[in-house]
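Presented below is the structure to which this report refers.
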Amino acid sequence: NQKWILSAKKSISNIDYFAKICPSNCEHKHLLLQAEIKSITGEAKEAISKYKLAISAAERNEFIHEQAIANERAAEFFLRYGDSSRAAHHYGEAQSLFLKWGAQRKVDDLLMSIAL
1 NQKWILSAKK SISNIDYFAK ICPSNCEHKH LLLQAEIKSI TGEAKEAISK YKLAISAAER
61 NEFIHEQAIA NERAAEFFLR YGDSSRAAHH YGEAQSLFLK WGAQRKVDDL LMSIAL
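This note's numbering applies: residue 1 is where the sequence shown begins, and numbers increase by one.
Here it is as structure tokens:
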């Protein structure tokens with residue numbers, strides 16, 4: 001995990017630069033990486049906040065596929081923390097968004113691999 005965290009922090013630094021220049025293209029990516037780090041380091045409340053912000057930023061800037069990815073990652077987070085209700089909600093959102101984006105095979109993969 002430590003190696004991943006260092007790599008992610010470096011990526012966050014790089015994306016932080018671009019998020020300041022063009023937030024509409026990078027803000028959601030920056031927030032999602034922050035959520036993942038918070039998740040791995042056990043900062044659950046902060047992770048939840050960052051996932052929500054990442055999903056909202058992707059929606060606001062019309063990145064349907066990245067909104068779907070952020071919902072999928074949030075679902076996996078909630079599943080790890082034993083909150084199957086919120087996990088199911090976010091998996092449902094992810095599936096809907098992937099379908100809207102035209103990624104039927106991704107939806108099929110999610111349906112086969114979800115542990116709910």
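Cβ coordinates follow ideal geometry from the N, Cα and C atoms, glycine included.
In the same chain as His28, and ignoring 5 residues on each side of it, the C-beta atoms closer than 7 Å to its own belong to Ala54, Ala57, Ala58, Asn61, Phe63, Glu66, Ala70, in chain order. Spatial neighbours of Leu97 in its own chain (CB-CB distance under 6 Å, excluding positions within 5 residues in sequence) are listed in chain order as Ile64, Gln67, Ala68. Counting only residues of its own chain and dropping the five nearest sequence neighbours on each side, Glu72 has a CB closer than 6 Å to the CB of Ala94. Straight-line measurement puts the Cα of Gly42 at about 18 Å from the Cα of Ile12.
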